[in-house]
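Accompanying notes for the structure given below.
There are 4 protein chains.
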Amino acid sequence: MIEDEIKAEKYFKCTDKERASFELGIKLGALFHQFVGAPVSSKNINILEKAIEKTTERQIFVKKAEVRIIPKGLDKRKESVFHDYTTLTGEMLDAKVEVDYKGIKAVGRLKYIEELDYPLMFLESID
Amino acid sequence: MIEDEIKAEKYFKCTDKERASFELGIKLGALFHQFVGAPVSSKNINILEKAIEKTTERQIFVKKAEVRIIPKGLDKRKESVFHDYTTLTGEMLDAKVEVDYKGIKAVGRLKYIEELDYPLMFLESID
Amino acid sequence: MIEDEIKAEKYFKCTDKERASFELGIKLGALFHQFVGAPVSSKNINILEKAIEKTTERQIFVKKAEVRIIPKGLDKRKESVFHDYTTLTGEMLDAKVEVDYKGIKAVGRLKYIEELDYPLMFLESID
Amino acid sequence: MIEDEIKAEKYFKCTDKERASFELGIKLGALFHQFVGAPVSSKNINILEKAIEKTTERQIFVKKAEVRIIPKGLDKRKESVFHDYTTLTGEMLDAKVEVDYKGIKAVGRLKYIEELDYPLMFLESID
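Protein chains in written order, with this note's numbering: chain A, 964 to 1090; chain B, 964 to 1090; chain C, 964 to 1090; chain D, 964 to 1090.
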């Protein structure tokens, strides 16, 4: 932990676990709202997954990010020039992000949940 | 609290305060990455502030959002057609978001901090 | 037309009508990719429409922007805390943008076209 | 050219060269507003450049996209945990996009222009 990080700590009025949870939430909210809307096609899924992973992993306290894009509808529409690509939606994303704040490991997930019909962001584990 | 929210709870493996912190992080990460890059000028600051507030307040568990845009450089450049507007950066934003999760009130902030030379997202209070 | 605009002209190798068309395309591409993904609910539609209009109108050469959000599915899902809002998609947007470049008036549109099952950006008129 | 593209043509009231210019503008506006705000560090520049190229190339009529990110300030700040990354701004982008519409080739550019102190989008050539 370096100088600026120590300076930053005084702004936080919470426990270390609450901070770890907060930092994890930031990363998932950022990931969703930065990339939703990006053009996606069967031909660029891999590179877009990797870019989302790498931009997430460069953020503070992030240890690992794994991203899968499940492009519902891309194949069934591929005959059309307009449907050769679509735009990324939250429903297509399955992202797992792990943060480590002072040894506290928190894992969060963004995933479409069928029973909710909604891409849910949730805190999978913290210890 | 309604049906879907109860269904969603089982995905979270954390305390209520950690969840409140996580939800707050999501909202600040979303706010930043959704709106940074938007065209901003002295003539649309108010409407953009209001739109960020209202889109944030519509998200789950958010009780209140207050947003100020401090457009560094807008005035000193206004003589130029190109500088009549700029694009919104994190440095210009001062946002305060309050969530209420099961009676736990958590307040978060996005604000440019001079000693860090950085727009910091922090957890101002939780009780 | 002011100083910077005259300086900028030399970078363009095209006719005035092509430039007007190009500028119009920029504005529609910007509008779509800046705001898609924003949280939208029946309670913030008006303010979001207005913010998109005002941020678009502040850009160079834009004379007028009119934006309607048609939130497919918002009402039928409103019983759920998760479906109380959704995220803005291209399909929900009907935007009309008018640019004036040296007296050339070009009007562009972003609109969901049923026969294409696609939100099309098109050049409605130029004279 | 396929079926949907032929259906779409009737919505355009302009010449083929104006349409090529319009399509080019869309792609540059999209590229800017989709990716500005993304976290960027010296360690993920290459993958982000590639993702922007590939998402742009998948869009209709685009033949080629070349993107360079020139991360002003990343190196001089790298000692700080907060400055280990920054967020992508228009000033850092140098993007060249080529569209081909019915054999008309149009090349556009997004580039920071020193004399304007502005990231300008311009139409470099059309024939």
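Note that beta-carbon positions come from the ideal geometry of N, C-alpha and C, so glycine has one too.
Please work out which residues of its chain come closer than 7 Å, Cβ to Cβ, to residue i, disregarding the five sequence neighbours upstream and downstream, and give them in chain order.
i                : result
L1086 of chain A : S984, L987, A1069 and G1071
Y1064 of chain C : D979, R982, A983, E986 and F1024
Q1022 of chain C : K990
A1001 of chain B : L1011, T1050 and L1051
M1055 of chain D : I1032, I1033, P1034 and K1035
F975 of chain D  : R982
E972 of chain C  : none
N1009 of chain B : none
Going by beta-carbon coordinates alone, are residue i and residue j separated by less than 8 Å?
i                : j                : result
V1003 of chain D : L991 of chain D  : no
F998 of chain B  : L1083 of chain B : no
L1079 of chain A : D1090 of chain B : no
V1060 of chain C : T1019 of chain C : yes
N1007 of chain A : K1006 of chain D : no
Could you pull out every residue in the same chain whose Cβ sits closer than 8 Å to the Cβ of residue i, ignoring the five residues on either side in sequence?
i                : result
G1053 of chain B : F995, V999, L1073, Y1075 and P1082
K1039 of chain C : Here K1039 of chain C scores only 49 on pLDDT, less than 50, and its place in the model is too uncertain to base an answer on.
S1088 of chain D : K1068, A1069 and V1070
C977 of chain C  : F985
A993 of chain A  : T1019 and Q1022
I965 of chain B  : none
With DSSP as the reference, please indicate the residues paired to residue i in a beta bridge.
i                : result
M1084 of chain C : C:L1073
Y974 of chain A  : Beta-bridge pairing links Y974 of chain A to no other residue.
K1094 of chain C : The first residue shown for chain C is 964 and the last is 1090, placing residue 1094 of chain C beyond what the model contains.
D1057 of chain A : A:R1031
T1050 of chain B : B:P1002
Which same chain residues end up closer than 6 Å to residue i when comparing Cβ atoms and leaving out the 5 residues on each side of it in sequence?
i                : result
K1027 of chain D : E1061
I1067 of chain B : D979, K980 and A983
V1030 of chain D : E1012, I1015, E1016 and A1058
K970 of chain D  : none
E1077 of chain A : none
Give the residues of chain F in contact with residue i, contact being defined as C-beta atoms less than 8 Å apart.
i                : result
K1074 of chain A : Any reference to chain F falls outside this structure, whose protein chains are A, B, C and D.
**Request:** Check distances from the C-beta atoms of the region 1008–1026 of chain A to those of chain D and list, in chain order, the residues that come in under 7 Å.
**Result:** Close to chain D, meaning a Cβ-Cβ distance shorter than 7 Å, are the following residues of the region 1008–1026 of chain A: I1010, L1011, K1013, A1014, K1017, T1018, R1021, Q1022 and I1023.
**Asked** Unbroken alpha helix (DSSP H) runs of length 4 or more, entirely within the region 964–1026 of chain B: which are they?
**Response** Taken in chain order, the complete alpha helix (DSSP H) segments of 4 residues or longer contained in the region 964–1026 of chain B are 966–972, 979–998 and 1008–1020.
**Asked** If contact means a Cβ-Cβ distance below 8 Å, which residues of the region 1048–1067 of chain A contact chain C?
**Response** Flagged, chain order: T1050, T1052 and G1053.
**Message:** By the 7 Å beta-carbon criterion, what residues does the region 976–1002 of chain C contribute toward chain B?
**Reply:** When CB distances to chain B are screened at a threshold of 7 Å, the residues of the region 976–1002 of chain C falling below it are Q997, G1000, A1001 and P1002, in chain order.
**Request:** Output, in sequence order along the chain, the residues in the region 1078–1090 of chain D whose CB is closer than 8 Å to any CB in chain C.
**Result:** Under the 8 Å Cβ criterion, the region 1078–1090 of chain D contributes E1078, L1079, Y1081, L1083, M1084, F1085, L1086, E1087, S1088 and I1089.
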